[in-house]
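**Q**
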Amino acid sequence: MTLSTQGCPLHQMIKQWVQEAVEKIDGVGNVEVEVVWEPAWNISMADDNVKNILAGGI
1 MTLSTQGCPL HQMIKQWVQE AVEKIDGVGN VEVEVVWEPA WNISMADDNV
51 KNILAGGI
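Read left to right, the sequence shown gives residues 1 to 58 (UniProt numbering).
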């Protein structure tokens, strides 16, 4: 998983939230979430709906 910034103060919380959400999926066992910084996050990685919202759309 890549975060939008290396200085994200919620780094550990986001990692925990993702782990807990994925582990709730039927058939999934233990999950280990690894944060990586390559490739660096950029807006092209965002979902089209998110891009639209950030551009001022609804």
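Positions of the beta carbon are idealized from the N, C-alpha and C atoms, including for glycine.
Pick out whichever of Val36, Val35, Leu54 has its Cα sitting closest to the Cα of serine 44.
**A** When only C-alpha atoms are compared, the closest one is Leu54.
**Q** Could you tell me the alpha carbon to alpha carbon distance between glutamine 6 and asparagine 52, rounded to whole angstroms?
**A** Between glutamine 6 and asparagine 52, the C-alpha separation is close to 24 Å.
**Q** Run the proximity test for serine 44: is its beta-carbon closer than 7 Å to any non-hydrogen atom belonging to the ligand SAH?
**A** The model depicted lacks the ligand SAH and carries no ligand whatsoever.
**Q** Please work out which residues of its chain come closer than 8 Å, Cβ to Cβ, to valine 28, disregarding the five sequence neighbours upstream and downstream, and give them in chain order.
**A** For valine 28, where only same-chain residues beyond five positions count, the Cβ hits under 8 Å are Val22.
**Q** Using the Cα positions of glycine 57 and glutamine 12, report the straight-line distance between them to the nearest angstrom.
**A** The alpha-carbon atoms of glycine 57 and glutamine 12 are separated by roughly 31 Å.
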